[in-house]
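In the numbering used here, the protein residues as written are 635 to 746.
Ideal Cβ positions, reconstructed from N, Cα and C, are used throughout, including at glycine.
All of these numbers come straight from a predicted model, not from anything done at the bench.
Inspection log for the structure reproduced underneath, given as structure tokens.
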Ligand code: HEC
């Protein structure tokens with residue numbers, strides 16, 4: 635439940651009109667196939683794509699919110715130009731992208 639309290643606070647701060655439940659549903663529908671419902675990326679597709687563990691606080695520090703926003707909008711290709719993560723710019727508006735980044739931040743366990 636702490637996760638949802640944090641997320642609600644983050645959403646209020648960004649004055650988004652999305653509820654925590656909307657964001658979680660968006661995550662489950664569009665992201666969980668690779669990143670896992672829990673963000674660990676321990677799904678079959680996640681392992682194939684090589685996703686990293688969003689519950690790892692060190693990995694979370696590795697990318698800025700802006701970088702995350704860019705990647706969600708534009709997707710990601712590997713060095714051979716093969717799509718690793720698809721672009722969501724047409725599926726989500728800016729508020730939805732920001733909200734899902736806030737959601738990702740709630741997945742990290744506190745630094746050890
Ligand atoms: C087809 C599988 C797939 C799906 C679906 C997917 N991702 Fe990813 N995602 C990846 C891969 C692969 C990486 C890169 C891991 C690496 O090499 O750093 C990644 C990385 C990321 C990163 C880290 C960016 C960085 O700079 O390190 C964010 C943030 C992210 N994904 C958000 C999302 C969100 C939000 C969704 C749903 C809207 C989503 N992803 C859906 C495969 C996926």
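>> On a Cα-Cα basis, can you pick out the residue from 737, 720 and 638 that is closest to residue 706?
In response: 720
>> Please report the straight-line C-alpha distance between residue 704 and residue 732, rounded to a whole angstrom.
In response: Their backbone Cα atoms lie some 10 Å apart in a straight line.
> residue 718 to residue 652, Cα distance in whole Å?
Replying inline: Cα-Cα distance, rounded: 28 Å.
>> Report the CB separation of residue 688 from residue 654 in whole angstroms; it is logged as a contact under 8 Å.
In response: Not really, about 17 Å apart at Cβ, beyond 8 Å.
> Looking at C-alpha atoms only, which residue of 668, 672, 690 and 673 is the closest neighbour of residue 681?
Replying inline: 668
>> Can you tell me whether residue 684 sits near the ligand HEC, meaning its C-beta is under 7 Å from at least one heavy atom of the ligand?
In response: Indeed, a heavy atom of the ligand HEC lies less than 7 Å from the Cβ.
>> DSSP three-state label for residue 730, please.
In response: helix
> Starting from residue 695 and walking both ways along the alpha helix (DSSP H), at which residues does that stretch end?
Replying inline: 691 to 696
> How many angstroms separate the CA atom of residue 692 from the CA atom of residue 699?
Replying inline: Rounded to whole angstroms, the separation of the alpha carbons of residue 699 and residue 692 is 14 Å.
>> Relative to the C-alpha of residue 663, which candidate in 701, 638 and 726 has its C-alpha closest?
In response: 726
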